[in-house]
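Student: Dumping the structure here so I can ask a few things about it.
2 protein chains.
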Amino acid sequence: MKRDTQQRRAIRRVIEESGRPLGPKEVLDAAQTHCPGLGIATVYRTLKSLVEEGALTQVELPGEPPRYEATGKHHHHHFHCRACDRVFELEGCPEGLRRLTPPGFSLESHELVLYGRCPGCAA
Amino acid sequence: MKRDTQQRRAIRRVIEESGRPLGPKEVLDAAQTHCPGLGIATVYRTLKSLVEEGALTQVELPGEPPRYEATGKHHHHHFHCRACDRVFELEGCPEGLRRLTPPGFSLESHELVLYGRCPGCAA
DNA sequence: CGCTTGTTGAGATCGTATTATCATTTCAGT
DNA sequence: ACTGAAATGATAATACGATCTCAACAAGCG
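Right, here's the structure in full:
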């Protein structure tokens, strides 16, 4: 049976409040302000179980370990800041993807990542 | 000083002839047909030095170790076949990326990956 | 409140990709 | 061909993220 622990509550909370995909380390740091003493093992365990029960979605970015965001948002992509290494959500989706697919290939999905500077780092 | 060895020649050759990004294991398998006895250590060493001298470019895809392709092609993206796990090059680039960038963010570059079935696996 | 059992935290352990080690080989200049 | 130095290959060692172990803890029930 699944228990409602402080740790699990803190982890869910920081991800839902952040509005952007967080890595395990980011989750740990943020959740420790609500739940001192929280360990990294619990973060990994909880992220895994939240993904399995569908509450979280793994976000895979090129050359990076996975991050996690709340499930249920509509289709979107991400912006990866090269300066602070944070990842932000983007609205919308580019046009003409089908046009890029050569004959014979069957297109099932796509991933797009924009790179640059976030507002805080662009200054 | 840099020597022209059979191993290095075989590795450059398979990458240039493949026309798609190859991972270290793929390079090893393909190059061994030209250079029997080739070891994985030499593949890693050579890939690294070819990247450093600018002959190869690292291709990072979500959730995958890097692959390598010849430098000098014009801007392009990739198609990742979910069945055979091979990666292919795509021509062209989607429209409207700038439109996706929220105010305050400075866009420097982007990566796009299409997923699906390649011609050989779609059948 | 007290018991049962799932959960936690610290550290050990693992898995995979990559790099270092080192004796041997082989390239390249003479 | 001879020689010195760089390159190679088998294997050990590393890096890193993620998972496992297990004693201590705490959620939830009666």
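Sequences listed follow chains P and E, in order.
By the count of my numbering, the first sequence reaches residue 126 at its end, each step adding exactly one.
By the count of my numbering, the second sequence reaches residue 126 at its end, each step adding exactly one.
C-beta: ideal position from N, C-alpha, C; glycine also.
Ordered along the chain, which non-local residues of its own chain (more than five positions away) have a Cβ less than 8 Å from that of residue 54 of chain P?
Tutor: Hits under 8 Å: 60, 61, 71.
Student: Less than 8 Å between the C-beta atoms of residue 22 of chain P and residue 92 of chain P, yes or no?
Tutor: Cβ distance < 8 Å, so residue 22 of chain P and residue 92 of chain P count as in contact.
Student: Could you pull the start and end residues of the alpha helix (DSSP H) that residue 120 of chain E belongs to?
Tutor: Here residue 120 of chain E belongs to no alpha helix (DSSP H); instead the beta strand (DSSP E) covers 109–120.
Student: Which first and last residues belong to the beta strand (DSSP E) in which residue 59 of chain E is found?
Tutor: Element bounds for residue 59 of chain E: 59–62.
Student: Roughly how many angstroms separate the alpha carbons of residue 85 of chain E and residue 125 of chain E, rounded to a whole number?
Tutor: Those two C-alpha atoms are separated by around 10 Å.
Student: Name the residue from E:101, E:52, E:79 whose alpha carbon lies nearest to the alpha carbon of residue 11 of chain E.
Tutor: Measuring from the Cα of residue 11 of chain E, the nearest candidate turns out to be E:52.
Student: For residue 114 of chain P, I'd like the list of residues in its chain whose CB is within less than 8 Å of its CB, leaving aside the five on either flank, ordered along the chain.
Tutor: Within the same chain, residue 114 of chain P has close Cβ partners 63, 80.
Student: Closest to residue 50 of chain P by C-alpha separation, out of P:28, P:98, P:106, would be which residue?
Tutor: Ranking the options by Cα distance to residue 50 of chain P, first place goes to P:28.
Student: Would DSSP call residue 84 of chain P helix, strand or coil?
Tutor: Residue state, collapsed to three classes: strand.
Student: Measure the C-alpha to C-alpha separation of residue 95 of chain E and residue 100 of chain P and round it to an integer number of angstroms.
Tutor: About 10 Å.
Student: The alpha helix (DSSP H) with residue 73 of chain P in it runs from where to where?
Tutor: From DSSP, residue 73 of chain P is part of no alpha helix (DSSP H) but of the beta strand (DSSP E) over 70–73.
Student: Taking 8 Å as the CB-CB cut-off, is residue 125 of chain P touching chain E?
Tutor: Chain E, which has a Cβ nearer than 8 Å to the Cβ of residue 125 of chain P, makes this yes.
Student: Quick one: does residue 63 of chain P have its CB under 8 Å from some CB of chain E?
Tutor: Answer yes: the Cβ-Cβ gap between residue 63 of chain P and chain E drops below 8 Å somewhere.
Student: Interface residues of chain P around residue 121 of chain E at Cβ under 8 Å?
Tutor: The answer, in chain order, is 107, 108.
Student: By the criterion of Cβ-Cβ separation under 8 Å, what are the contact partners of residue 80 of chain E in chain P?
Tutor: Chain P residues near residue 80 of chain E: 103.
Student: If you measure between the beta carbons of residue 38 of chain P and residue 58 of chain P, is that distance less than 8 Å?
Tutor: Contact: no.
Student: Can you tell me the Cβ-Cβ gap for residue 65 of chain E and residue 97 of chain P, rounded? I've got them flagged as a contact below 8 Å.
Tutor: The pair is not a contact, with the Cβ atoms about 17 Å apart (cut-off 8 Å).
Student: Can you list the beta strand (DSSP E) stretches of 3 or more residues lying completely in the stretch 36–60 of chain P, in chain order?
Tutor: Segments of the beta strand (DSSP E) lying fully in the stretch 36–60 of chain P: there are none.
Student: Can you give the Cα-Cα distance for residue 122 of chain P and residue 102 of chain P, rounded to whole angstroms?
Tutor: Distance between the alpha carbons of residue 122 of chain P and residue 102 of chain P is about 32 Å.
Student: Excluding sequence positions up to five away, which residues of its chain have a Cβ less than 6 Å from the Cβ of residue 127 of chain E?
Tutor: Residue 127 of chain E lies beyond the stretch modelled for chain E, which goes from 4 to 126, so this question has no answer here.
Student: Could you check whether the Cβ of residue 77 of chain P sits closer than 7 Å to any heavy atom belonging to the ligand SAM?
Tutor: Absent from the structure shown: the ligand SAM. Ligands present: none.
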